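Chemist:
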Amino acid sequence: MPTTDEDRIVDVLDEAECRRLLGTAGIGRLGFTDGALPAIVPVSFALHDGSVLIPGRLGNRIVDAVRRTVVVLGVDAYDGETRTGWGVTVVGPSRVVSDPAHVLAHDRLGLLSPPSGPGRCYIAVQIGLLSGWRMRLPAVLPSAGPVVTGYPAQA
9 MPTTDEDRIV DVLDEAECRR LLGTAGIGRL GFTDGALPAI VPVSFALHDG SVLIPGRLGN
69 RIVDAVRRTV VVLGVDAYDG ETRTGWGVTV VGPSRVVSDP AHVLAHDRLG LLSPPSGPGR
129 CYIAVQIGLL SGWRMRLPAV LPSAGPVVTG YPAQA
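Each residue of the sequence shown is one higher than the one before, starting from 9 at the first, in the working numbering.
(1) With DSSP collapsed to three states, give me the class of Arg-91.
(2) Measuring CB atoms only, is the stretch 72–87 touching the stretch 26–39, in the sense that at least three cross pairs come out at less than 8 angstroms?
(3) For the alpha helix (DSSP H) holding Arg-27, just list the boundary residues, first then last.
(4) For the putative contact between Phe-40 and Val-96, defined by C-beta atoms under 8 angstroms, what is the C-beta separation to the nearest angstrom?
(5) Pull up the distance between the alpha-carbon of Tyr-130 and that of Leu-21, whole angstroms please.
(6) Taking C-beta to C-beta, are Val-60 and Val-133 nearer than 8 angstroms?
Structure representation (structure tokens):
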């Protein structure tokens, strides 16, 4: 199976469209370092005040691994039949919100269904770098190679 679709156009998304698309999804993949090795896990998330909030529980291996580190969140949607879709990547510093008053305040926002019981927390990822792409069908099929739009022309 080829790794690129020569009959598709890839558009680079602006920040506003990346944020809009992030708001349409509730599941993404959190990338981080765990014991000096890369790790990627599915997570539920919500956007709030320039951050991505991910529910967690204190003592959880993921929560412990991401505390005060730079992480990545990948979110996408892809139609396998038409081979079109989009992807958004967030890179930023993370912190664990574990103060009960702050956790309760985040709960009251109603953005996520946090785990119940003691040790509830949120992983807050500040949106630092934000990038995205959309793969679409061209109006007319190109004759050679994929077309990428949104990047400056190369000399």
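Don't be surprised by glycine CBs; every beta carbon is placed ideally from N, CA and C. All figures in this text were calculated on a predicted structure; none of them were measured in a lab.
Modeler: In this structure, then:
(1) coil
(2) yes
(3) 23–30
(4) Not a contact, Cβ separation roughly 18 angstroms.
(5) 28 angstroms
(6) yes
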